[in-house]
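Chains A, B and C, in that order, give the protein sequences. Take 1 as the starting number for the first sequence in the working numbering and just add one per residue. Take 1 as the starting number for the second sequence in the working numbering and just add one per residue. Take 1 as the starting number for the third sequence in the working numbering and just add one per residue. The structure appears below as structure tokens.
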Amino acid sequence: MIPALSVEDLTVKYRNGPGPVTAVREVSLEIQPGEVHGLVGESGSGKTTLALAVMRHLPEQAVITSGSIRVDGQELIGLSPERLRPIWGSQIAMVPQDPLSALNPTLRIGKQLSERFEALSRSDARDKAIELLEMVQIADPARVARSYPHQISGGMQQRVMIAMALSAEPKLLILDEPTTGLDSTTEAVVLDLIRELMRARQTATLYVSHSLGVIAQFADRLTVLYASELVEHGSKMDLFENPLHPYTCGLLDSVPRLGENKREIQLRSIEGRIPSLEDLPSACVFAPRCPVVIDICQETRPALEGAGATRQVRCYRWEETRAGEIDPRQPPAPPPLERPTIAETALQIENLEVRYDQPRSLAEWLRRSPRQSVRAVDNVRLTIRKGETLGLVGESGSGKTSLAQAVVGLVDSAEGRVELFGAELPTQIKHRDRETLSRLQMVMQNPDEALNPYLTVGQSLSRPLALLRGIHSEEEVRRLLEGVRLPPEYADRYPAQLSAGEKQRVAIARAFAAMPGLVLLDEPVSSLDVSVQASILNLLNRLQTEHGTSLLLISHDISVVGYMSETVGVLYLGQLMELAPSENLFDPPYHPYTEALLSAIPLLDPKATQERVRLRGGIPSSLEPPSGCPFHTRCPRFIGDICIEQTPPWQEDKTGKRIFCHIPVSDLRREQGQVFAMRKRE
Amino acid sequence: MPRYVLRRLGFLLLTLLLTSSIIFAITQVLPGDVARVILGREAGEAALNSLREELGLNDPLPVQYLRWLGNFVQGDWGESFSTRTEVRPLVQQRLGNSLMLAAVTLGIAVPVGIALGVIAGLNENTWVDSVVNVSALSVVGLPEFVTGILLIEIFAFRLGFFPANSSIRPGTNFVEALPMLILPALTASLVLLGYISRMTRVGVIGEISKPYVRTARLKGLSRWSVTYRHVLRNALMPTITVIAISFGWLISGLIVVENVYNYPGLGRLMLFAIDRRDLPLLQAVAMLAVLAFAFANLAADLFYAYLNPKIRLQ
Amino acid sequence: MTKESTTAGVTPARVWRPFTVLTRLFGRPASAAGTSIVLIFLLMALIGPWIAPYGVNEQIPSETRQAPSPDHWFGTDHLGRDVFSRVLFGARDILLLAGLGTFLAVLAGTAIGLLSGYRGGTFDEALMRVFDSLLAIPALLLALLLLGVVGPARNALLIVIVFVYTPIVARVARSVVLSVKSKGFVQAARMRGESETWIIFREILPSAFPTLTVEGALRFSYAIFLIAALGFLGIGVQPPNPNWGLMVAEAREHVFQTPWALWMPALAISVLVIGVNLMADGLRRVLRVPGA
């Protein structure tokens with residue numbers, strides 16, 4: 001059988017900068033018809049470059065210096081753009097990461113879907129577009145065909161892209177992180193669709209992703225890339241069950257799995273940083289971070305060796321690993337201290353409400369009509385005890401960031417009562433005194449924007465020391481750096497010289513510089529690479545243990561929140577839906593929304609089982625939130641008018657779990673099974 | 001869209017209200033005693049007082065402003081200090097001349113500027129691009145009075161193609177005036193040309209690198225369809241705003257160009273008014289220029305909104 | 001997360017060093033030419049009065065209407081004044097006026113834009129409306145209005161430049177503030193109780209530097225343009241001032257007898273403005289400020 005895709009010894013170099021830089025080094029892979037091939041890697045691994053090279057659509061500065069790419073037997077290297085054009089139209093298609101930017105903003109969806117069929121008449125083209133939209137299960141295809149991209153939701157946009165790609169009936173489909181920008185409940189629906197379509201059409205697929213969970217659910221075989229190099233390749237089961245390359249092991253160990261908690265399992269982070277392509281290690285690219293490195297690893301580049309009929313590893317010691325003679329895993333982090341039994345309250349939030357006023361038009365202003373406002377946070381009550389972590393999980397628009405910003409005093413219009421260690425907090429930051437400021441700090445979402453690019457790390461760290469603790473010493477700055485495991489010479493560096501993970505460490509050091517009693521963490525790891533995430537989570541746990549700090553952790557990732565926290569709150573449209581001790585979070589009864597969330601996460605275990613609970617439609621606009629229960633428009637367990645008309649009650653079950661729902665807890669428990677089941681790791 | 005149009009109209013009114021008050025403040029308040037400006041240094045106190053009374057200069061400023069604005073809106077633009085005649089007919093005829101010149105200038109600058117910008121943008125980082133870019137930068141740097149004199153030297157004195165003096169008689173129609181319009185229009189268009197082509201180039205380059213262009217290419221569409229239907233359609237939208245902005249340049253440019261060529265438009269009239277300290281005439285000319293600029297901006301906004309589905313379908 | 005990082009990040013703080021910026025400007029032919037022109041004119045302005053062979057208004061009745069020669073490099077005009085000397089003096093005149101005007105406008109505009117943008121609120125809105133209205137009056141028109149009413153005076157020209165360009169700079173500065181204000185490092189500064197002054201000038205201003213530098217260079221070129229155009233129209237300056245625009249206008253009446261008296265100042269202004277434009281374009285590339 002002719003493989004749908006066969007890549008041999010492909011090398012891609014970038015010419016920008018002083019010298020050529022290798023982005024993909026001698027990579028080979030093969031995809032049979034009907035097979036889904038996962039391509040996993042972190043930033044700088046070369047996975048996107050590889051995908052674009054396969055499409056023969058690399059940016060201008062990139063050159064393929066050697067190798068061969070054959071799609072359905074036809075060699076693509078050496079083809080002129082004119083010869084490639086018909087191949088793009090029929091043999092290969094791609095679904096990119098960000099659907100909104102991949103659609104032309106000024107053309108109607110229908111037109112964009114049908115323009116490839118130039119021979120069709122106007123009405124045939126319209127029918128074709130509608131047919132394609134029906135194929136991707138869009139409920140109202142005629143309306144969507146008439147819409148412009150910005151008028152439809154992100155999930156819908158991505159379906160359109162999928163329809164567009166499949167309309168070519170390609171021999172090879174490339175999916176480049178197709179669900180990365182979507183909320184998890186939407187992601188689940190889109191992933192279901194992709195799975196169904198691929199099963200029905202048997203199209204060979206190259207699925208590029210940084211998410212091991214998605215790959216575990218989708219791929220038949222997979223290839224792991226690290227720093228331009230193919231490090232391991234094999235069937236999904238082999239790689240997930242018995243990884244042979246230390247990097248693969250490290251990747252699998254560094255992600256918290258759904259249902260795990262820090263008190264049971266310690267994450268093993270891969271120490272060190274991903275090398276930049278400019279100075280890759282000359283021999284084994286993973287050697288500087290490898291726990292089982294030996295001399296030869298730093299001297300000669302290991303060859304890609306066959307480890308069975310369909311399996312290859314680029315490591316000198318894979319046989320020892322397979323025989324169990326060495327353990328290629330990273331060392332685990334030390335476990336956190338025992339949970340204090342009775343502790344004082346660190347933070348108490350009562351009836352917190354955050355509104356954002358919409359700008360008024362001139363006419364409205366003249367008429368003195370009241371401002372419209374968005375209620376970002378509504379009626380939230382929370383308590384965090386000293387030394388504990390409270391996690392908040394929510395999708396976009398859930399108000400999780402607004403909540404944090406209100407607590408630290410960065411929003412103008414917050415109402416309700418917030419108490420920090422027993423003292424009431426003034427709403428706005430300018431009314432808070434030094435001492436209050438020093439007890440409450442926050443780590444922002446985006447590490448790239450967290451540090452002033454024009455100040456050195458040392459300068460950034462010395463300001464809070466000087467202002468909030470009156471310390472003016474470089475010694476203390478070095479101590480702070482050491483606390484987040486960064487070498488002291490980093491004090492003289494500028495943020496642009498740091499990797500994203502290192503920036504986040506500095507941001508964490510800055511927050512802890514004031515010795516705060518409570519630190520708010522807004523998506524502290526969501527923009528970081530998988531292997532870096534674990535080290536940041538471990539760092540936070542260690543700092544918490546050392547300083548007895550309370551943490552409020554906010555994330556869209558329920559696995560991370562469940563892993564880190566003692567208590568977990570689930571937010572939807574600015575309101576809490578559920579507040580559960582983390583040990584009970586993953587067991588029924590669940591709030592119907594939590595149930596859907598848990599069902600939406602792609603599990604990291606290929607053998608895991610999971611119920612399928614899917615939500616209809618998108619998240620309603622917070623300008624016009626639904627009446628009654630805010631979740632009623634999408635709730636799969638909707639029970640009738642009561643959900644529309646009345647605010648649900650808070651119900652508490654035996655384990656201390658609190659659920660904001662009209663359905664009695666006993667009924668929920670009876671009707672709900674365990675949403676997912678996964679083997680525990682040791 | 002209707003809401004958007006209303007909002008834009010509201011903005012226009014607000015802008016006009018503010019700009020007119022600025023013009024009023026500059027011309028009526030800044031000179032100090034307007035009565036003395038009119039009557040000269042030797043005038044007696046009694047004459048000054050009666051004139052102040054007649055012109056309403058003793059009223060509070062807001063009252064004076066509102067009266068002035070009200071009169072202006074109703075078409076009563078006052079009497080010229082220097083010619084002692086109604087300002088409006090004087091200005092109206094000059095306005096026609098200036099609009100004629102502006103139309104020819106835009107007729108040259110807009111299509112050529114866009115074409116050059118598109119060519120440069122589609123050939124980014126090639127010699128074509130560098131040539132267009134550096135010449136555009138250079139042309140922007142040539143003051144109108146320099147290019148004007150240079151063009152006169154070449155096309156009027158050396159080659160004799162066009163007249164050096166464009167002082168058309170009142171009532172000349174467009175066709176008759178055209179030969180006299182070419183050189184001034186060419187002069188005024190050079191700066192605009194440079195600006196429009198550079199902005200268009202940036203628009204095209206910015207658009208080409210967007211992901212949806214890749215989508216279009218990977219659909220297997222021809223190079224022509226990708227460029228024409230996808231890139232240009234979006235890249236040229238901001239050019240509308242650019243042209244509206246360049247209208248402000250055009251007004252500045254015309255003031256100079258009309259004086260280089262002795263062309264009887266508003267620009268020359270304005271200098272005349274300044275020379276004679278003829279405040280009503282100055283006010284009228286300034287108000288007309290600002291009105292023209294504001295309406296050009298409004299037209300551009302509306303056209304842009306019409307082309308952009310994100311605004312049109314609000 | 002999938003973006004491949006192929007180039008090492010350039011530290012903005014490092015780019016922003018005058019010497020580095022200058023070296024990089026000389027990296028491309030166009031911006032190197034522009035920067036050289038500007039530097040030569042600056043030198044001319046600095047040492048012009050000492051190297052000028054004649055006085056600025058020195059009339060030599062016996063040597064009127066002389067063509068360029070070793071004695072008079074740019075010839076003499078109808079009054080027997082040495083054109084080269086006048087162009088030299090004119091350089092000092094226009095660079096000083098345009099430079100000072102731009103500097104003050106950038107200073108005032110930056111301060112207003114930063115403060116207004118950072119504080120926000122109704123005051124900010126109202127101020128921006130007023131600025132927008134000022135921007136709705138074309139620059140030359142506004143300048144003519146002001147000068148026409150105030151009358152010719154040296155300081156009037158300076159004030160006009162500052163008045164015309166401050167709102168534009170303020171708008172630019174404000175747009176930078178708005179994009180930086182919500183970033184993590186500004187919020188962190190607020191959370192540690194930094195004063196407003198510190199936040200505006202230490203945390204935000206550096207991010208605005210590249211944009212303001214480019215904007216300053218552009219304003220400088222427009223200011224030269226404006227002063228010359230006003231001089232040509234005879235507004236704001238009076239003979240025998242060596243304003244290049246005024247020199248062109250004066251020489252126009254004698255263009256057939258003394259064309260050099262017209263073309264030399266015309267050339268000087270064109271070369272200077274083109275030079276500044278090329279340099280501004282180069283700065284934009286070096287400092288990575290988006291736009292055209």
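Think of the CB as a built atom: it goes at the ideal place given N, C-alpha and C, for glycine as much as any other residue.
{"Check": "C-alpha distance - L298(B) paired with N58(B), whole-angstrom precision", "Outcome": "37 angstroms"}
{"Check": "Range of the contiguous alpha helix (DSSP H) that encloses A139(C)", "Outcome": "139-150"}
{"Check": "CB contact flag (L225(A), L39(A), <9 angstroms)", "Outcome": "yes"}
{"Check": "6 angstroms Cβ shell around L104(C) - same chain, five flanking residues per side excluded", "Outcome": "V162"}
{"Check": "Contact residues within the region 442-456 of chain A, judged by C-beta distance below 9 angstroms to chain C", "Outcome": "M442, V443, M444, Q445, N446, P447, D448, E449, A450, L451, N452, P453, Y454, L455, T456"}
{"Check": "Proximity below 9 angstroms, CB of M198(A) to CB of A188(C)", "Outcome": "no"}
{"Check": "Residue span of the alpha helix (DSSP H) that contains A406(A), given as start and end", "Outcome": "400-408"}
{"Check": "Contacting positions in the region 154-187 of chain B - beta carbon closer than 7 angstroms to chain C", "Outcome": "none"}
{"Check": "Residue ranges of each alpha helix (DSSP H) within the region 224-305 of chain B, 4 or longer", "Outcome": "237-261, 266-276"}
{"Check": "Outcome for R339(A) when other beta-carbon atoms lying within 10 angstroms are tallied against a minimum of 16", "Outcome": "exposed"}
{"Check": "Beta-carbon gap between S398(A) and G155(A) smaller than 9 angstroms", "Outcome": "no"}
{"Check": "The region 493-503 of chain A in contact with the region 430-450 of chain A per 3-pair CB rule at 8 angstroms", "Outcome": "yes"}
{"Check": "The region 181-191 of chain A / the region 495-514 of chain A touching (three or more Cβ pairs under 8 angstroms)", "Outcome": "no"}
{"Check": "Closest by C-alpha distance to V477(A), when choosing among A62(A), R469(A), E611(A), L461(A)", "Outcome": "L461(A)"}
{"Check": "Length-filtered (3 minimum) beta strand (DSSP E) runs lying within the region 339-385 of chain A", "Outcome": "345-357, 373-385"}
{"Check": "Assigned secondary structure, K607(A) (DSSP; H/G/I helix, E/B strand, else coil)", "Outcome": "coil"}
{"Check": "Contact residues within the region 120-147 of chain C, judged by C-beta distance below 7 angstroms to chain B", "Outcome": "R129, V130, D132, S133, L134, A136, I137, P138, A139, L140, L141, L144, L145, L146"}
{"Check": "Proximity below 9 angstroms, CB of L440(A) to CB of V407(A)", "Outcome": "yes"}
{"Check": "Three or more C-beta pairs below 8 angstroms linking the region 234-253 of chain A and the region 59-66 of chain A", "Outcome": "no"}
{"Check": "Near the ligand SAM: P96(A) beta-carbon under 8 angstroms from a heavy atom", "Outcome": "The ligand SAM is absent from the structure shown, which contains no ligand whatsoever."}
{"Check": "A165(A) and D72(A) closer than 9 angstroms at C-beta", "Outcome": "no"}
{"Check": "Where S228(A) falls: helix, strand or coil (DSSP)", "Outcome": "coil"}
{"Check": "I168(C) classed as buried or exposed, judged by whether at least 16 other C-beta atoms fall within 10 angstroms", "Outcome": "buried"}
{"Check": "CB contact below 9 angstroms: V377(A) versus chain C", "Outcome": "no"}
{"Check": "Closer than 8 angstroms at the beta carbon, the chain C residues around S251(B)", "Outcome": "For the sequence presented, residue 251(B) should be read as Ile rather than Ser. Those are P138, L140, L141, listed as they occur along chain C."}
{"Check": "Start-to-end residues for the alpha helix (DSSP H) that takes in K430(A)", "Outcome": "No alpha helix (DSSP H) contains K430(A), which DSSP labels as neither H nor E."}
{"Check": "Within-9 angstroms CB hit, K3(C) to chain B", "Outcome": "Note that K3(C) scores 33 on pLDDT, short of 50, meaning its location in the model is unreliable and no value can be drawn from it."}
{"Check": "From R17(C), I159(C), V276(C), residue whose alpha carbon lies closest to that of L100(C)", "Outcome": "I159(C)"}
{"Check": "Any chain B beta carbon closer than 9 angstroms to N16(A)", "Outcome": "no"}
{"Check": "Extent of the continuous beta strand (DSSP E) to which W650(A) belongs", "Outcome": "650-652"}
{"Check": "Proximity winner among L521(A), R510(A), R385(A), relative to P581(A) (alpha-carbon distances)", "Outcome": "R385(A)"}
{"Check": "From Q64(B), A177(B), L279(B), residue whose alpha carbon lies closest to that of S98(B)", "Outcome": "A177(B)"}
{"Check": "Partner residues on chain C for N259(B), Cβ-Cβ distance less than 8 angstroms", "Outcome": "F232, L233"}
{"Check": "As assigned by DSSP and simplified to three states, the class of S66(A)", "Outcome": "strand"}
{"Check": "Distance, R417(A) Cα to P96(A) Cα", "Outcome": "45 angstroms"}
{"Check": "Anticipated Cβ contact below 8 angstroms, P524(A) with L540(A), distance rounded", "Outcome": "7 angstroms"}
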